[in-house]
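Let me begin by presenting the structure, written as structure tokens, before commenting on it.
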Amino acid sequence: MNGIIYVIFIVSAMTITPSVFEYYTPSTMVEAVNLLEKYGDEAKLLAGGQSLIPLMKMRFASISHVIDISRIEEMDYIKEDSNRLSIGALTTVDELGSSVTIKNRYMIIKEAADQIADPLVRNMGTVGGNISHGDPANDLPAVMLSLDATFMVQGKNGGKEIKAEDFFVDSLITALEPNEILYEIRVPKMVKRQGGAYIKHKKSAGDFSVAAVASNIIVDGDGKIIKVGVALTSVGPTPIKSTRAEGILAGKKLTEELAAEAARSITEESDPVSDFYGSIDYKKKVLRFIIKESLVAAYKRAKEAQ
Amino acid sequence: MGKIKVRVKINGKERSDEVEPRMLLAHYLRDVVGATGTHIGCDTSNCGACTVVMDGKAVKSCTVLVGQANGREIKTVEGLSQNGKLSKIQKAFLDKHGLQCGYCTSGMLMASYWLLKKNKKPTEEEIRRNLSGNLCRCTGYQNIVEAVKYASELIEKEGEEEEVVVESQ
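If you read the protein sequences in the order shown, they are chains A and B.
Numbering of the first sequence is given in numbering that gives the first Met the number 0, commencing with residue 0 and proceeding in unit increments.
Numbering of the second sequence is given in numbering that gives the first Met the number 0, commencing with residue 0 and proceeding in unit increments.
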């Protein structure tokens, strides 16, 4: 659920039943793509439904054909090989946060997963849904941007790859065509001396963030930063990948002062609006603080990582 | 627009119904099945009063379409007690005053049931985290947390109840 829509919802009269729709349960990706091809704009994929169902209940979304892909078993897995981590789009957020592979080697992903909504929502909500919903307040998009992830997409005419940084077009709009499915998220395999952190500032348990920051850092044997990815949640129409972080931080050891300088600069890349979660000024202050915090945490983990 | 046929096992008992696909699991349980122990609080996926356990995982039934529950096993608060005897979790909530008005209680019980199934001896921190999707406006949570701790002790001491098995009709 989009933070902005959420506020509108609180003050508006409630409709709590979705409008009428036809319901399909394909058991393979091919079947799902065929259904999307057939119904086009009038169809929508439902994975865990934790964003889509609230929108349908509030009648912000009125969909004639709901394609429930949750029973497609070929899209539910977490695998790691010598090159990459591959996450099936139907992996639930709870499965992601509980995975031993993720816990041992991808702390940034676990940190974000464990802070999404609440445990009950995480039992239904999926990784693919969190990303392809295109909500700038969702947490996994920024994490995937910071990690330079690639999204694997299947359409009627075959598959393609979309880089995370090309995926988020506008609020609730992604690079996915109406007849395409996001089926896998690929993250480059963690290397030696790589660390990440996701810091989320929220007003209350289970809520969307005021702002959140994903930082991913690789250092060399001397502790100098070789590579850095920073991305921001909830402070623009899309999740925002910093274009300045690399220039400020590459080749240097991170000090408190340098982290503060980077945080000030990266904050200028944000574009928050004033809403229920706070004024623009407040959000930028929060952001400055948590960018620094996440850089320091990611750097520490990178230095400690074997 | 067509109806769909759903087949579910609720508290050990199988049934099937023809329903509109837009029906939510919470409404199906209350209005079709008649299991009104599952409460609807906010109806917007915030409060957790509608929590049920689906295929072993606690979910907010106001945000699950009935079609998503098709073919699955559902446990509701009605499935906790057996032959009129409260389950250990229920007894713990009673003994530790883990409720006042009772509106959130069925959701709290089901979220706690799920927690204790996966983690027999949760720490206070784990209890609080696992109940973070369930709101209570009366108790301030303290007694609820103590009730879950106590339930964990009761289960450790006396063992878990056997699951009710009802033959399908």
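Glycine included, each C-beta is placed from N, C-alpha and C at the ideal position.
Note that the structure is predicted; figures quoted are calculated from it, not measured.
Pull up the CB-CB distance for I107 of chain A and V142 of chain A, whole angstroms please, since I reckon it's below 8 Å. Contact flag correct, Cβ pair sits at about 6 Å.
Determine the chain B residues that contact S122 of chain A at a beta-carbon separation under 7 Å, and present them in chain order. Strictly speaking, residue 122 of chain A in this sequence is Asn, with Ser absent from that position. Here the neighbours are K56, A57, V58.
Three-pair Cβ contact test at 8 Å for the segment 77-89 of chain B versus the segment 101-118 of chain B: yes
Cβ-Cβ distance between K226 of chain A and A262 of chain A below 9 Å: no
Counting only the same chain and skipping the five closest in sequence on each side, list residues whose C-beta sits under 6 Å from that of N17 of chain B. In the sequence as presented, Asn is not what sits at residue 17 of chain B; that position holds Glu. Correct list, in chain order: K2, K4.
Among A:E303, A:A296, A:A304, A:K302, which one has its Cα closest to the Cα of E110 of chain A? A:A296
Against chain B, which members of the segment 61-86 of chain A pass a CB distance test of less than 9 Å? S63, V65, D67, S69, R70
So which of A:D113, A:N82, A:R83, A:D80 has the shortest CA-CA distance to E94 of chain A? A:D113
Just to confirm, is the Cβ distance from G87 of chain A to Y76 of chain A under 9 Å? A distance below 9 Å separates the beta carbons of G87 of chain A and Y76 of chain A.
Three-state secondary structure (DSSP) of P187 of chain A: Strand, per DSSP.
Unbroken beta strand (DSSP E) runs of length 3 or more, entirely within the segment 203-264 of chain A: which are they? 208-218, 224-232
Which two residues bound the contiguous alpha helix (DSSP H) that contains V92 of chain A? DSSP places V92 of chain A in the uninterrupted alpha helix (DSSP H) bounded by 92-97.
Based on the DSSP secondary-structure assignment, which residues constitute the bridge partners of F150 of chain A? F150 of chain A pairs with A:I161, A:I184.
Under 9 Å between C-beta atoms, does M0 of chain A make it to chain B? A caution first: M0 of chain A carries a pLDDT of 42, below 50, which makes its placement in the model unreliable, though a value can still be read off. Using a CB distance cut-off of 9 Å, M0 of chain A counts as an interface residue toward chain B.
Identify every run of the alpha helix (DSSP H) within the segment 24-109 of chain B, keeping only runs that are complete inside it and at least 4 residues long; order them along the chain. 87-94
With distance defined between alpha-carbon atoms, name the residue in A:K191, A:I172, A:V186 nearest to E303 of chain A. A:K191
Helix, strand or coil for K199 of chain A, going by three-state DSSP, please let me know. strand
State the beta-bridge partners of Y23 of chain A as determined by DSSP. A:I66
Expected contact under 8 Å - CB spacing of A213 of chain A and S145 of chain A to nearest Å: 4 Å
For the segment 96-120 of chain A, which residues have a CB atom closer than 9 Å to at least one CB atom of chain B, in sequence order? D113, A116, D117, P118, L119, V120
Quick one: grab the DSSP three-state call for Q168 of chain B. Because Q168 of chain B carries a pLDDT of 41, less than 50, the predicted location of this residue cannot be relied on, and no value is offered for it.
Would you say A230 of chain A and R185 of chain A are within 9 Å of each other, going by their C-beta atoms? Not in contact: A230 of chain A and R185 of chain A (Cβ atoms no closer than 9 Å).
Within chain B, partners of Q153 of chain A - CB distance below 8 Å: Within 8 Å Cβ-Cβ: nothing; Q153 of chain A doesn't reach chain B, min ~22 Å.
Contacts around G158 of chain A, its chain only, beta-carbon distance under 6 Å, and the 5 residues preceding and following it disregarded: none
Which stretch, first to last residue, makes up the beta strand (DSSP E) that contains E17 of chain B? 12-18
Looking at the secondary structure, which residues open and close the beta strand (DSSP E) in which F167 of chain A lies? 167-169
Which residues in the same chain as E160 of chain B place their Cβ atom closer than 8 Å to its Cβ, once the five residues preceding and following it in sequence are excluded? Q81, S86, K87
I'd like to confirm the pairing. Which residues does DSSP put opposite G194 of chain A in its beta bridges? A:I216
Excluding five sequence neighbours on each side, which residues of the same chain lie with their C-beta closer than 8 Å to the C-beta of A110 of chain B? Excluding sequence positions up to five before and after A110 of chain B, its CB lies within less than 8 Å of the CB of G47, T50, A57, N129, L130, G132, N133, all in the same chain and listed in chain order.
Just mark G220 of chain A as buried or exposed, buried being the case when its beta carbon has 16 or more other beta carbons within 10 Å. With fewer than 16 other Cβ atoms inside 10 Å of its own Cβ, G220 of chain A counts as exposed.
With DSSP collapsed to three states, give me the class of T100 of chain A. helix
For the candidate residues B:C137, B:Q141, B:R136, whose alpha-carbon lies nearest to that of R127 of chain B? B:Q141
If you measure from the beta carbon of S167 of chain B to each beta carbon in chain A, is any gap under 9 Å? Only weak support exists for where S167 of chain B lies, its pLDDT of 45 falling under 50; the coordinates are left without a value.
Counting C-beta neighbours from all protein chains within 10 Å, is the total for S167 of chain B 16 or more, i.e. buried, or is it exposed? Any reading at S167 of chain B needs caution, since the residue's pLDDT is 45, under 50, leaving its predicted position unreliable; the model's value is listed next. With fewer than 16 Cβ atoms within 10 Å of its Cβ, S167 of chain B is classed as exposed.
Assign K59 of chain B to one of two classes, buried (16 or more other C-beta atoms within 10 Å of its C-beta) or exposed (fewer than that). buried
Contact with chain A by R128 of chain B, beta-carbon distance below 9 Å: Residue-level contact by beta carbon holds for R128 of chain B and chain A, with a gap shorter than 9 Å.
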